[in-house]
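J.: The structure's right below; bear with me while I get my questions together.
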Amino acid sequence: MFFFIGIWGGPRRKYASLKFLIFTYSGSAVMLFGFLALYAWTGTSAYPGGPSFDYDVLAARIPNLALPLQLVVAITTFVGFAVKLPIFPLHTWLPDAHVEAPAPVSVLLAGLLLKMGGYGLIRYNLLLFPKAVSVLWPYFTTIGLITMIYGASVALVAKDIKRMIALTSVNHMGYVLLGAFTATVAGVSGAVFQMFSHGLAVGMLFLMSGYIHDNTGTRNIDELKGLRGKMPQTVTLLFLASMAAMAVPGFANFISEYLVIQGALSVSYLFAIAIVAPALTVGYFLWMLRRVAMTPSIGPKNELHLHSILILVAFLVPLLIFGVYPPPILGSVITPTVEKWVGTIVGLGAR
Numbered sequence: 011m012f013f014f015i016g017i018w019g020g021p022r023r024k025y026a027s028l029k030f031l032i033f034t035y036s037g038s039a040v041m042l043f044g045f046l047a048l049y050a051w052t053g054t055s056a057y058p059g060g061p062s063f064d065y066d067v068l069a070a071r072i073p074n075l076a077l078p079l080q081l082v083v084a085i086t087t088f089v090g091f092a093v094k095l096p097i098f099p100l101h102t103w104l105p106d107a108h109v110e111a112p113a114p115v116s117v118l119l120a121g122l123l124l125k126m127g128g129y130g131l132i133r134y135n136l137l138l139f140p141k142a143v144s145v146l147w148p149y150f151t152t153i154g155l156i157t158m159i160y161g162a163s164v165a166l167v168a169k170d171i172k173r174m175i176a177l178t179s180v181n182h183m184g185y186v187l188l189g190a191f192t193a194t195v196a197g198v199s200g201a202v203f204q205m206f207s208h209g210l211a212v213g214m215l216f217l218m219s220g221y222i223h224d225n226t227g228t229r230n231i232d233e234l235k236g237l238r239g240k241m242p243q244t245v246t247l248l249f250l251a252s253m254a255a256m257a258v259p260g261f262a263n264f265i266s267e268y269l270v271i272q273g274a275l276s277v278s279y280l281f282a283i284a285i286v287a288p289a290l291t292v293g294y295f296l297w298m299l300r301r302v303a304m305t306p307s308i309g310p311k312n313e314l315h316l317h318s319i320l321i322l323v324a325f326l327v328p329l330l331i332f333g334v335y336p337p338p339i340l341g342s343v344i345t346p347t348v349e350k351w352v353g354t355i356v357g358l359g360a361r
């Protein structure tokens, strides 16, 4: 990703790629320290078989580790995965990376790299350190809540459509963090489903931002007025992708965000403040659509090629299918797995 941005990125590609490298490798270094400490602490003579990095071996040994040591490793690994997710205040590399990256690279960044952070938080923090999570979950969920609201608030003032979409990623990843550390079936299922639906919705939006920039020469929202008359099919798809990102009912994102908020409310009614985040998201997407689609058209039509439209439709169709009928992925795959995870966590004393 460093080379993709640094070689093929925009005018500030060197700055963005170096910032990406510093943030991600610093987070990885902190996480490495945690895993090395875990390797040493669980490799003493008290544990037969000697030191090990094997996941199952560590899962069996960690419950016998002193709680302060579990907390140290849980926090260091959290930092490493939080940078990749990313969450506030470790997110500042993401908007710059997205703005400078070519559109296809932004799709990879949003659809794959960010999910590594979410996967790591669930697979390692939540499942390996349940006792530590039972202490840390109020802090982690609060950070997730702040990330949701902060990402949406900053997106309200973004003028570059691609930066706005990047901040939407920050907003959406806050849901993942909040849902995961509720340690409830609804919350964790919503977090996993949010990673899936976010990759499709935001990936589609990033592709569209690239297409629009190529056709108009700008990503400035104020300069994209009248786009509906020049690119009617494109604007229709932009409207649908924005509806998905806003979590409008009928799209997969609605179900994932609903499950996260349901899981959070089952833990504490104080999380009702999470409702602010989707309201802000609706606000800035409607602000963008009003300027792009609802102003008079100036200039000739310049519609996308058919193959570009078909690629966008390929992103849209799963969002609609699983938004209307989620059981094939949510009921058959995600929820049964999450129920096993949560049963293990609760059995070890976590929230």
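Just add 10 to wherever you are in the sequence shown, counting from 1, and you've got my numbering.
Ideal Cβ positions, reconstructed from N, Cα and C, are used throughout, including at glycine.
Computed from a prediction, not measured in an experiment: that's the story for all the values here.
Short of 7 Å in beta carbon distance, which residues of its chain neighbour Ser38, apart from the five on each side in sequence? Order them along the chain.
T.: The count along the sequence shown starts at 1 and reaches residue 38 at position 28. Within the same chain, Ser38 has close Cβ partners Gly90.
J.: Taking the alpha-carbon positions, what's the Phe33 to Pro99 distance?
T.: The residue labelled residue 33 in the question sits at position 23 within the sequence shown. The residue labelled residue 99 in the question sits at position 89 within the sequence shown. Straight-line Cα distance between these residues: approximately 11 Å.
J.: Please determine, among Leu138, Val195, Val258 and Gly121, the residue with the shortest C-alpha to C-alpha distance to Val180.
T.: The sequence position of residue 180 within the sequence shown is 170, counting from 1. Taking only the C-alpha atoms, the option nearest Val180 is Gly121.
J.: Taking C-beta to C-beta, are Arg229 and Glu110 nearer than 7 Å?
T.: Your numbering for residue 229 matches position 219 in the sequence shown. Your numbering for residue 110 matches position 100 in the sequence shown. No. Outside cutoff.
J.: Taking three-plus beta-carbon pairs below 8 Å as touching, is the segment 186 to 199 in contact with the segment 242 to 251?
T.: No, they do not touch.
J.: Do the CB positions of Lys169 and Ser219 come within less than 7 Å of each other?
T.: Locating residue 169 in the sequence shown gives position 159, counting from the first residue. Locating residue 219 in the sequence shown gives position 209, counting from the first residue. For Lys169 and Ser219, no; Cβs fall outside 7 Å.
J.: Entirely within the segment 177 to 250 and at least 4 residues each: give me those alpha helix (DSSP H) ranges in chain order.
T.: Fully enclosed alpha helix (DSSP H) runs of 4 or longer: 195 to 226 and 237 to 240.
J.: Would you kindly report the start and end of the unbroken alpha helix (DSSP H) that includes Arg71?
T.: By one-based count along the sequence shown, residue 71 stands at place 61. Unbroken alpha helix (DSSP H) run through Arg71: Tyr65 to Arg71.
J.: Compare the beta carbon distance of Thr178 and Ala165 with 7 Å and say whether it is the shorter of the two.
T.: The count along the sequence shown starts at 1 and reaches residue 178 at position 168. The count along the sequence shown starts at 1 and reaches residue 165 at position 155. The answer is yes: Cβ separation under 7 Å.
J.: To which residues of the same chain is Trp18 closer than 6 Å at the C-beta, ignoring the five residues directly before and after it?
T.: Counting from 1 along the sequence shown, the entry for residue 18 is found at position 8. Answer for Trp18: Pro112, listed in chain order.
J.: Would you check if the distance between the CB atom of Ala257 and the CB atom of Phe264 is smaller than 7 Å?
T.: Against the sequence shown, residue 257 aligns to sequence position 247. Against the sequence shown, residue 264 aligns to sequence position 254. Yes, these two residues count as a Cβ contact at 7 Å.
J.: Can you tell me which of Met183, Thr152, Arg300 and His108 puts its alpha carbon nearest to the alpha carbon of Phe14?
T.: Your numbering for residue 14 matches position 4 in the sequence shown. Here the closest residue by C-alpha is His108.
J.: Only counting the same chain, and skipping five residues up and downstream in sequence, which positions put a Cβ closer than 6 Å to that of Phe191?
T.: Reading the sequence shown from its first residue, position 181 is the one you call residue 191. These residues qualify, in order along the chain: Trp147, Phe150 and Thr151.
J.: If you compare alpha carbons, which of Glu313, Phe45, Ala76 and Leu269 is closest to Tyr65?
T.: Stepping through the sequence shown from its first residue, residue 65 is reached at position 55. Of the listed residues, the one whose Cα sits closest to Tyr65 is Phe45.
J.: On the DSSP letters alone, give me the boundaries of the alpha helix (DSSP H) that Asp106 sits inside.
T.: Within the sequence shown, numbered from 1, the residue matching residue 106 stands at position 96. From DSSP, the alpha helix (DSSP H) with Asp106 extends over Trp103 to Glu110.
J.: Under 7 Å Cβ to Cβ from Ile344, same chain only, skipping five residues before and after it: list those, please.
T.: In the sequence shown, counting from the first residue as 1, residue 344 sits at position 334. For Ile344, where only same-chain residues beyond five positions count, the Cβ hits under 7 Å are Ser199, Val202 and Phe203.
J.: Take Pro21 and list the residues in its own chain whose beta-carbon comes closer than 8 Å to its own, dropping the five residues that flank it on each side.
T.: The residue given as residue 21 occupies position 11 in the sequence shown. Within the same chain, Pro21 has close Cβ partners Glu110.
J.: Could you check the C-alpha separation between Gly60 and Ala70 for me, to the nearest Å?
T.: On the sequence shown, position 50 is the one that residue 60 refers to. On the sequence shown, position 60 is the one that residue 70 refers to. Roughly 13 Å separates the two Cα atoms.
J.: Thinking C-beta only, is Gly184 closer than 7 Å to Gly154?
T.: To locate residue 154, count along the sequence shown from 1; it is residue 144. To locate residue 184, count along the sequence shown from 1; it is residue 174. Result yes, Cβ atoms of Gly154 and Gly184 sit closer than 7 Å.
J.: Where in the segment 251 to 325 do unbroken runs of the alpha helix (DSSP H), each at least 4 residues long, occur, reported from the N-terminal end onward?
T.: Here the runs fully enclosed are 262 to 277 and 286 to 303.
J.: Please go through the same chain and pick out, in chain order, the residues whose beta-carbon is closer than 8 Å to the beta-carbon of Phe249, but skip the five residues on each side of it.
T.: For the purposes of this step, residue 249 is taken as residue 239 along the sequence shown, with counting starting at 1. Result list for Phe249: Leu299 and Ala303, in chain order.
J.: Using only the alpha-carbon positions, how far apart do Pro337 and Pro114 sit?
T.: Sequence index remark: in the sequence shown, residue 337 carries index 327 (1-based). Sequence index remark: in the sequence shown, residue 114 carries index 104 (1-based). Taking the straight line from one Cα to the other gives about 30 Å.
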